[in-house]
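When the count follows the working numbering, it moves up by one through the sequence shown with no breaks and lands on 1274 for the last residue. Backbone N, C-alpha and C define an ideal beta-carbon position, used for all residues, glycine too. Given the structure is predicted, the values throughout are model-derived calculations rather than measurements. Take a look at the structure set out below.
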Amino acid sequence: MASLLISNGTVVTAADTYTADIFIENERINAIGTNLKVQADCTIDATGKLVFPGGIDPHVHLDMPFMGTSSSDSYATGTQAALHGGTTTVIDFILQTQGKSLRSALEEWQGRSNGNCYSDYSFHLAVTDFNERTKPEIQEMVEKEGITSFKTFMAYKGALMIDDRQMIGLMEEVKRCGGLVTVHATHGDMIDYLIDKHRSEGKLSPLYHYLSQPEITESEASERFADMAYYTGVPAYIVHLTCEGALNHVRDATRRNQTVFVETCIQYLLLDASLYEKGFEGAKWVMSPPLRQKKDQDALWAGLNQGLVRVVATDHCPFTWEQKKMGEHDFSKIPNGHPAIEHRMELLFSEGVRTGKISLNKYVEVTSTNAAKIFGMFPRKGTLSIGADADIVIFDPNEKHTLSATTHHHNTDYSAYEGWEVTGKCKTVILRGRVAVDDGKMHLEKGYGQFLRRNKTSLIV
Ligand code: URP
Ligand code: ZN
Ligand code: ZN
């Protein structure tokens, strides 16, 4: 494996910002220092550039069967798009089919992903049917497969949702095995009631997707989940948290000395529910939970700085326009999700760091370091330190560009951010010591991305 020197960049981690050289050998960071005297096969001059750890997006859905179709990015296209946008590791979701084993779901997902990834990747395992047969599989997944996080859905009844009895049982078992429980926290029954009500009244446009999932459906479920996690003592993580009400319940949990990890997604920081007023075009942003209000964005930005919101992910779950049109006459049939895996790092830099809403070090923390720590990959991933995987972004903080479906690498024929002007660009992206992307060109081959067996969370809750 060739050695590589990145010289004279501004190195940024979650803790520090300083000028240094980074020397990479055998996939890992070998030395960091000023004016390193090393013989490298190749040198990249990073003068005037930021050099930070490769992004980790712990919430993506690639090639996932969902709502009568499949998300449109394969493991190959999705992980390429991730790398173009500075994300070097993704955590995807395996969905257990109700009535079947966790093992069979793992094998199904391995069949689609093995040998097809460009970036590194791992899996959360979504337990949709917890019973005496699936219970022993939890330990097997943690110890044999390195899958240490288990996803639960409090919504999507009849397909993915588990009830509270199953949730408690799962939490106890995951706690015993040293894992972590993550959740899609919304009140499934209340949402189903509102969907049925709106449909029966002939209210069928994307706006009613939004109106079927009011803030209370998320805040109630977030509190219930936090309570169950408190009782069982399991490390708990709420995915795609969108709103002030839900965040306040997490804040309340801290008052009894509980830690609940919170992830939000880039869209909830930047986009709002007014997009559902665009008629069927609003289908581009039909996702669950839906986009919210300005006051919720304010709460999420503050939550990042308060340390309550630890991770900014994407929930990348792309569909083509043809797929979105499955719900042209009924919002409840629009496949839920939007494409964003490529844009998270640049959008958050442009809209968060440049505007002064978050610091550069907080940026690294929420795009990479915290996810590595929470999901058992630190310090191999998530930071720039000696011995860590050389997953590195060389970033021009001043280059301006415009996001568009004509230039993105998502397998979708529209962009949820069409025309958005961004300042800051991922120029060179390095994965385990190899240049993955340079000036917009992919240099890796399919299958370079490795499956990551993960440890238990390294944060104490
Ligand atoms: O709309 C969404 N979020 N689609 C993907 C599935 C999920 O709930 O995360
Ligand atoms: Zn979800
Ligand atoms: Zn999701």
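Per DSSP, the bridge partner or partners of residue i
i     : result
E838  : R841
S820  : D858
L1244 : R1247
P772  : With the chain running from 814 to 1274 in the structure shown, residue 772 is simply not present.
L993  : S962
Y1050 : T995, F1074
T847  : Per DSSP, none; premise fails for T847.
V825  : T830
Under the three-state DSSP convention, the category residue i falls into
i     : result
N1118 : helix
E986  : helix
I1334 : Here the chain covers residues 814 to 1274 and nothing more, so residue 1334 does not appear.
V1250 : strand
N1268 : coil
M1190 : coil
L1017 : coil
M974  : strand
A1229 : coil
Y831  : strand
T1236 : strand
T1030 : helix
K1170 : coil
E1258 : coil
N1224 : coil
N1061 : helix
T1067 : helix
T1215 : strand
H1151 : strand
H872  : strand
Close Cβ partners of residue i (< 7 Å) along its chain, the five nearest in sequence each way excluded
i     : result
R1068 : none
D858  : S820, N821
W1114 : L1082, K1170
L1198 : Residue identity check: residue 1198 is Ser in the sequence provided, not Leu. Here the set comprises I842, P1192.
I1207 : I819, G822, I857, A859, K862, V864, K1240, T1241
E1057 : K1108, D1109, A1112
A828  : N1174
Cβ shell of residue i (< 8 Å), same chain only, five flanking positions each side left out
i     : result
K970  : G1001, D1002, D1005
I904  : I869, D870, P871, H872, V873, Y934, S935, F936, H937, S962, A1184, F1188
D876  : S883, S884, D886, S887, Y888, G891, R925, S926
M1255 : Q893, L896, H897, Y931, A1249
D1204 : P866, G867, T901, T902, D933, K1194, I1243, L1244, R1245
I975  : V940, T941, D942, F943, T965, F966, M967, L983
Y1050 : S962, L993, V994, T995, V996, V1073, F1074, V1075, E1076, I1187
K948  : G982, E986
S1217 : S1228, E1231, G1232
Residues near residue i in its chain [Cβ-Cβ closer than 6 Å; skip 5 each side]
i     : result
V1047 : M984, V987, K988, V994
H1053 : C1078, D1128
F1291 : Since the displayed the chain opens at 814 and closes at 1274, residue 1291 lies outside it and no answer follows.
V825  : L863, F865, L1173, V1177
A1066 : A1039, V1073
Q911  : T941, D942
W922  : I907
V1166 : L1173, Y1176
R1012 : none
P1131 : S884, S885, D886, P1152, H1223, T1225
### Query
Counting by C-beta, which residues lie closer than 7 Å to a heavy atom of ligand 2, in chain order?
F966, H997, V1052, H1053, S1101, D1128
### Query
Of all the alpha helix (DSSP H) runs that stay within the bounds of the stretch 874-952, which reach a length of 4 or more residues?
888-897, 915-926
### Message
Which runs of the beta strand (DSSP E) at least 3 residues long sit entirely within the stretch 1070-1133? Give them in chain order.
### Response
1073-1078, 1124-1126
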